[in-house]
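Structure, as structure tokens:
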Amino acid sequence: MRKYLYILISWLLALPLAAQSDSLKASLLTCAPGTKSYELYGHTALRIQNTKTGDDWVFNYGIFSFQDVGRFTWEFTLGKADYILGVVSFPDFSAEYTERQRPVTEQTLNISAQQTAELFQNLALNAQPENRSYRYNFLRDNCTSRAIDMIGKVAPFALPADKQPPITYREIIHSYTQDSPWLEFGQDLILGCEVDTLLSQHARMMFPILAKEMLTHTTTKDSLGNSIPLLKDEKIVVDVAQAKASTTPFTPLMVALLLLCSTVALSWTELRTGRVFRLFDNTLMLVQGLAGLVVFVLFFFSAQPAVGSNWLIGVLNPLPLVWLPIKIMRERRGLQDYYLPLYGTLAAVFTLVVAGLQLQTIPTAMLLLALCLLMRGLISIIRWRCRPLLAGTSSDK
């Protein structure tokens with residue numbers, strides 16, 4: 010099949026535009042969000058039909074390989090994952106999205122036969138093995154932006170007057186992840202202040218559903234220079250009930266609230282009895298350090314957008330993992346450790362200040378975790394200052 014496609018594409022490139030123009034029809038396909046993490050934002054592709062031959066092709070800029078999952082995940086984390094332009098028949102494309110329970114909307118382009126043929130030839134050229142690969146960027150260069158850019162090359166268009174209220178990348182992302190609280194929480198931890206800036210109208214077209222809505226009111230020019238609608242018509246070509254993601258009441262906010270309640274209870278017990286819950290503190294440091302390791306790698310080594318502007322690097326970094334063995338050894342020798350009284354407290358205050366000054370949107374669950382750190386740090390200071398009074402007390406080492 011792949012060999013056949015390459016032969017067909019090469020044949021198309023050899024044809025003069027005039028020979029292809031009269032029988033071609035171009036449209037934009039917008040796929041509804043799915044249930045998997047990489048499907049939540051929807052998808053965009055371009056469809057070219059030949060009404061004479063019956064050929065019906067979909068050009069899809071969202072193809073990636075999962076043959077080596079570990080390698081792909083690592084490259085995607087570092088912002089070095091390459092996507093490709095794939096070409097499939099529309100019946101195969103339709104069957105795939107029917108199976109995934111993802112409705113597909115088709116918007117037919119209102120462009121001339123010459124422009125349609127030129128778009129087809131540009132896509133065919135881009136689909137050649139030496140041209141089809143590109144460095145994927147979630148916020149700036151993705152399947153939707155590529156498809157929109159290909160349309161703009163043959164039919165420059167003007168977006169409608171922007172009447173939408175100001176919105177940020179993070180707010181748009183949240184609108185798609187509201188039913189996936191753990192994914193949303195993870196993204197909020199790694200995406201920095203860059204995604205809290207207000208978006209231009211053109212930048213919002215990086216998202217498939219928003220691009221579809223904006224194109225509805227977009228205009229282009231005909232051969233006489235008159236302004237005409239970019240779209241001829243719109244219809245649903247894959248009409249299925251959209252799959253819904255399973256939800257869980259066990260959200261990051263619930264876990265953070267339980268942790269905060271546990272922190273309050275244990276801290277109060279320490280003050281009342283003098284018992285030291287070191288295992289709890291060590292577990293808190295371990296969780297902080299593991300999350301910090303991910304943020305640290307992304308902050309310093311990834312080319313992914315927005316991860317290098319993350320203020321949470323001040324509290325989420327590998328330092329707790331480095332210091333944890335030192336803390337355990339010091340406490341076994343009966344020595345006072347300084348992590349929670351000093352860095353733990355300062356890191357928590359830093360997080361609260363970043364949120365208070367609105368330097369970056371901090372998820373509520375993270376603020377509660379910062380309060381846990383702050384409380385344990387203050388309790389450690391109290392225990393440190395009152396050590397003579399607590400001599401002989403017990404510990405859960």
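In the working numbering, the protein residues as written are 10 to 406.
Each residue gets a CB set at the ideal place from its N, CA and C atoms; glycine is no exception.
Query                                                                                                                                                                        : Result
What is the rounded straight-line gap between the Cα of L299 and the Cα of F309?                                                                                             : 16 Å
Rounded to whole angstroms, what is the Cα-Cα separation between K221 and T39?                                                                                               : 7 Å
When the Cα atoms are used, what is the spatial distance from F68 to F216?                                                                                                   : 18 Å
Have a look at Q369 and A315 and give me their C-alpha separation to the nearest angstrom.                                                                                   : 11 Å
Within 10 Å of its beta-carbon, does K336 have 16 or more other beta-carbons around it, so buried, or fewer, so exposed?                                                     : buried
Answer with buried or exposed for T225, where buried requires no fewer than 16 other C-beta atoms within 10 angstroms of its C-beta.                                         : exposed
When DSSP labels each residue in this structure, what does I371 get in the three-state scheme?                                                                               : coil
With contact counted as at least three CB pairs below 8 Å, one residue from each stretch, are the region 343-363 and the region 381-394 in contact?                          : yes
Between which two residues does the beta strand (DSSP E) harbouring P238 extend?                                                                                             : S236 to P238
Can you pull the DSSP bridge partners for K230?                                                                                                                              : S236
Are M223 and P138 closer than 8 Å when you measure CB to CB?                                                                                                                 : no
What does a CB cutoff of less than 7 Å around W191 pick up in its chain, not counting 5 residues either side in sequence?                                                    : P261
Taking only the alpha-carbon atoms, compute the straight-line gap between D158 and L349 and give it to the nearest angstrom.                                                 : 52 Å
Roughly how many whole angstroms lie between the Cα atoms of K244 and R56?                                                                                                   : 13 Å
Is E115 helix, strand or coil by DSSP?                                                                                                                                       : strand
State buried or exposed for W320, treating a residue as buried only when at least 16 other CB atoms are found within 10 Å of its CB.                                         : buried
What are the boundary residues of the beta strand (DSSP E) that includes I57?                                                                                                : H52 to N59
Would DSSP call E243 helix, strand or coil?                                                                                                                                  : strand
When the Cα of I391 is compared with those of S276, G317 and V296, which residue comes out closest?                                                                          : S276
What does DSSP give as the partner residues of C40 in its beta bridges?                                                                                                      : H52 and V113
Alpha carbon to alpha carbon, how far is R339 from L328?                                                                                                                     : 16 Å
Let me know if F259 comes out buried or exposed under the rule of 16 or more other beta-carbons within 10 Å of its beta-carbon.                                              : exposed
Should N235 be labelled buried (16 or more other beta-carbon atoms within 10 Å of its own) or exposed?                                                                       : exposed
At the level of alpha carbons, what is the spacing between L266 and F289?                                                                                                    : 16 Å
Leaving aside the five residues before and after P397 along the sequence, list all residues of the same chain whose C-beta is less than 6 Å from its C-beta, in chain order. : Confidence is the limiting factor: at P397 the pLDDT is only 46, short of 50, which leaves the residue's position unreliable and the question unanswerable from this model.
Can you check which of these residues, N119, P100, V296 and S142, is closest to P238 by C-alpha distance?                                                                    : N119
Out of L198, S121 and T282, state which residue places its alpha-carbon closest to the alpha-carbon of D231.                                                                 : S121
Could you tell me the alpha carbon to alpha carbon distance between K162 and T256, rounded to whole angstroms?                                                               : 42 Å
With a CB to CB cut of under 7 Å and the five nearest residues on each side skipped, what residues in its chain are close to Y106?                                           : C40, V113 and V247
Would you tell me roughly how many angstroms separate the C-alpha atoms of L268 and L378, rounded to the nearest one?                                                        : 8 Å
Is A250 closer than 8 Å to T44 when the C-beta atoms are compared?                                                                                                           : no
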